[in-house]
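These notes are about the structure you will find just below.
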Amino acid sequence: MDSMMLWGLILTCGLFTFLTRFLPLAGLLPEKLPPVIERAMHYVPVAVLTPIIIYSIFLPTEEVALFNNMRIPAALLALVATVVTGRVIVTIVVGMASLWALEYLF
Amino acid sequence: MLEELPLQLGVAPFGLVFGILGIESGLSPIQTICLSLILFGGASQIVFAQLIAAATPFGIILSSVTMINLRHLLYGLSMASYLHKLPLYWRVLLAYLLTDEAYAVSIRRFSQQPPSRYMHFHLLGTGLTLHLFWQASTIIGVLIGQTLPNMLSLGFVIPLTFIAIIAPIIKRQSELIAAGCATATVFLTYELPWNLWLILAALSGIAGGLIAEKLKEKGRAG
Chain G
26 MDSMMLWGLI
36 LTCGLFTFLT
46 RFLPLAGLLP
56 EKLPPVIERA
66 MHYVPVAVLT
76 PIIIYSIFLP
86 TEEVALFNNM
96 RIPAALLALV
106 ATVVTGRVIV
116 TIVVGMASLW
126 ALEYLF
Chain U
180 MLEELPLQLG
190 VAPFGLVFGI
200 LGIESGLSPI
210 QTICLSLILF
220 GGASQIVFAQ
230 LIAAATPFGI
240 ILSSVTMINL
250 RHLLYGLSMA
260 SYLHKLPLYW
270 RVLLAYLLTD
280 EAYAVSIRRF
290 SQQPPSRYMH
300 FHLLGTGLTL
310 HLFWQASTII
320 GVLIGQTLPN
330 MLSLGFVIPL
340 TFIAIIAPII
350 KRQSELIAAG
360 CATATVFLTY
370 ELPWNLWLIL
380 AALSGIAGGL
390 IAEKLKEKGR
400 AG
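Chains G and U, in that order, are what the protein sequence lines are.
Start counting the first sequence at 26; every next residue gets the next number (the working numbering).
Start counting the second sequence at 180; every next residue gets the next number (the working numbering).
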């Protein structure tokens with residue numbers, strides 16, 4: 026993507042994102058969304074972020090890597106850290122430290 | 180789930196991470212900083228950077244970013260009754276500042292305390308504070324990103340950050356099923372062109388969650 030196109034994309038994404046914030050306040054939407062839409066939105070964070078997690082861990086080079094892939098144990102350790110502490114920064118530190126240590130050791 | 184999402188996000192480390200990743204993904208420093216200024220939405224910016232790094236077409240990036248940010252509609256709708264009488268410029272400004280964190284803090288103030296003529300200043304204050312932190316941490320991240328060597332596997336911070344966000348919000352069976360459907364779809368579709376796997380996995384996750392919810396309701400009713 027060339028630089029002009031990239032700027033165009035940044036601005037268009039910005040406009041669409043602003044609309045998601047502004048339309049309800051502009052009074053242009055019904056006061057309540059259809060229940061099925063509201064329910065669907067409940068799953069958006071999990072449905073969008075999970076595939077990115079899975080892709081980044083299992084397909085670091087756009088190929089499935091199940092063996093000799095230290096991202097898998099490192100991510101599991103980070104998951105444990107999240108469940109125990111619930112803090113983003115601890116998850117990042119544990120995950121990165123595990124990855125560096127495991128890649129150095131094996 | 181939507182109410183708990185924001186509390187899991189530490190704004191400053193997240194902004195720092197985005198700044199570093201923006202540079203790693205090939206965006207220029209100015210583009211990275213402008214993304215924070217224009218989008219002002221952490222998860223969507225990280226997805227933007229990741230998809231740019233993977234040479235994804237315009238339309239796929241735009242729809243991914245918009246899908247992630249659709250949750251703002253819910254925030255806006257639940258705030259609308261408190262804010263709809265304000266002049267247009269106020270609503271434009273407050274809409275721009277409406278984030279997970281600002282929503283979480285301000286809706287508590289709006290719904291728990293008696294309404295006052297100046298209560299929207301609460302959202303303005305929260306929003307501006309978060310905005311300042313977000314821009315400052317992005318800039319620091321950009322500066323760090325330009326000096327760090329590439330061999331540190333810093334891209335791994337993306338899945339780590341997202342694990343920290345979604346692990347605490349997967350509580351019900353239907354949410355787990357949504358995550359499972361999305362995961363399976365990644366492995367089935369990763370070879371398709373244009374990084375279609377992300378959109379397809381997201382749609383299958385949403386569908387999986389909705390169907391699981393429906394089936395459970397039916398089970399309870401019958």
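Think of the CB as a built atom: it goes at the ideal place given N, C-alpha and C, for glycine as much as any other residue.
Only a predicted model underlies this, so the values are computations on that prediction, with no experimental measurement involved.
C-alpha distance - residue i paired with residue j, whole-angstrom precision
i	j	result
residue 350 (chain U)	residue 28 (chain G)	42 Å
residue 220 (chain U)	residue 399 (chain U)	38 Å
residue 392 (chain U)	residue 325 (chain U)	46 Å
residue 395 (chain U)	residue 354 (chain U)	12 Å
residue 131 (chain G)	residue 94 (chain G)	10 Å
residue 370 (chain U)	residue 362 (chain U)	14 Å
residue 40 (chain G)	residue 299 (chain U)	23 Å
residue 376 (chain U)	residue 275 (chain U)	30 Å
residue 187 (chain U)	residue 238 (chain U)	Any reading at residue 187 (chain U) needs caution, since the residue's pLDDT is 42, under 50, leaving its predicted position unreliable; the model's value is listed next. Straight-line Cα distance between these residues: approximately 30 Å.
Chain G residues whose Cβ lies nearer than 8 Å to that of residue i
i	result
residue 369 (chain U)	80, 84, 87 and 89
residue 270 (chain U)	47, 50 and 51
residue 263 (chain U)	50 and 52
Per-residue contacts from residue i into chain U (C-beta, under 9 Å)
i	result
residue 144 (chain G)	Given a span of 26 to 131 for chain G in the structure shown, any question on residue 144 (chain G) remains unanswerable.
residue 30 (chain G)	237
residue 12 (chain G)	With chain G running from 26 to 131 in the structure shown, residue 12 (chain G) is simply not present.
residue 54 (chain G)	252, 255, 256 and 259
residue 108 (chain G)	346 and 347
Proximal residues of chain U, C-beta to C-beta of residue i below 7 Å
i	result
residue 129 (chain G)	Ordered by position in chain U, no residue passes the 7 Å Cβ test against residue 129 (chain G), which lies about 12 Å from the chain.
residue 35 (chain G)	210, 213, 214 and 217
With 16 other Cβ atoms within 10 Å as the buried cut-off, status of residue i
i	result
residue 234 (chain U)	exposed
residue 243 (chain U)	buried
residue 327 (chain U)	exposed
residue 129 (chain G)	exposed
residue 62 (chain G)	exposed
residue 297 (chain U)	exposed
residue 374 (chain U)	buried
residue 194 (chain U)	buried
residue 263 (chain U)	exposed
residue 206 (chain U)	buried
residue 92 (chain G)	exposed
residue 109 (chain G)	exposed
Residue closest to residue i, alpha-carbon to alpha-carbon, out of the options
i	options	result
residue 203 (chain U)	U:361, U:251 and U:331	U:331
residue 388 (chain U)	U:206, U:280 and U:356	U:356
residue 103 (chain G)	G:125, G:91, G:30 and G:93	G:125
residue 211 (chain U)	U:338, U:320 and U:359	U:320
residue 46 (chain G)	U:386, U:277 and U:375	U:277
residue 333 (chain U)	G:81, G:38 and G:108	G:81
residue 348 (chain U)	G:122, G:91 and G:72	G:72
residue 209 (chain U)	G:106, G:114, G:121 and G:31	G:31
residue 121 (chain G)	G:38, G:105, G:59 and G:99	G:99
residue 402 (chain U)	G:127, G:59, G:118 and G:34	A question about residue 402 (chain U) goes unanswered here, because the residues of chain U that appear run from 180 up to 401.
residue 308 (chain U)	U:222, U:293 and U:281	U:281
residue 346 (chain U)	G:26, G:123, G:111 and G:127	G:111
residue 34 (chain G)	U:240, U:329, U:200 and U:257	U:240
Contact list for residue i against chain G, beta-carbon separation under 9 Å
i	result
residue 280 (chain U)	Result: empty, since nearest Cβ-Cβ is about 12 Å, beyond 9 Å.
residue 354 (chain U)	67, 68 and 71
residue 388 (chain U)	64, 65, 67, 68, 71 and 72
Contacts of residue i in chain U (Cβ-Cβ under 8 Å)
i	result
residue 76 (chain G)	361, 362, 364, 365, 376, 377, 380, 381 and 384
residue 117 (chain G)	192, 196, 336, 339, 340 and 343
residue 41 (chain G)	241, 244, 245 and 248
Within chain G, partners of residue i - CB distance below 7 Å
i	result
residue 227 (chain U)	38
Spell out a yes or no on whether the region 206 to 216 of chain U and the region 304 to 321 of chain U are touching, meaning 3 or more CB-CB pairs, one atom from each, closer than 8 Å. yes
With three or more C-beta pairs closer than 8 Å as the rule, is the region 238 to 253 of chain U touching the region 342 to 361 of chain U? no
Measuring CB atoms only, is the region 374 to 385 of chain U touching the region 67 to 78 of chain G, in the sense that at least three cross pairs come out at less than 8 Å? yes
Given 8 Å, three or more beta-carbon pairs between the region 270 to 288 of chain U and the region 37 to 54 of chain G: yes
For the pair the region 79 to 96 of chain G and the region 277 to 290 of chain U, tell me if three or more CB-CB distances fall below 8 Å. no
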